[in-house]
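Structure first, commentary second.
Numbering (this note's numbering), first residue to last: 46 to 110.
So this is what it looks like as structure tokens:
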């Protein structure tokens, strides 16, 4: 959807989520909080890009360009 590196991004974010769960299991609360915050910010960024793409015209231009 957003280029050829999207699969790599999905893998990295998934592994960060898994690392957060493992850190929680070992009682590393601060590490878990940082990883979960990173995954959440990444998800919000993806949502923003997805909404921007859905408002674009078929030629890929945003309104006002």
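Glycine included, every Cβ here is placed at the ideal spot set by N, Cα and C.
Alpha carbon to alpha carbon, how far is residue 81 from residue 50?
22 Å
Inspect the CB distances between the stretch 53 to 63 and the stretch 82 to 89 and report whether three or more fall short of 8 Å.
yes
CB-CB under 6 Å to residue 77, same chain, minus the five flanking residues each way: which ones, in chain order?
65, 68, 69
For the alpha helix (DSSP H) that residue 69 lies in, which residues bound it at each end?
51 to 70
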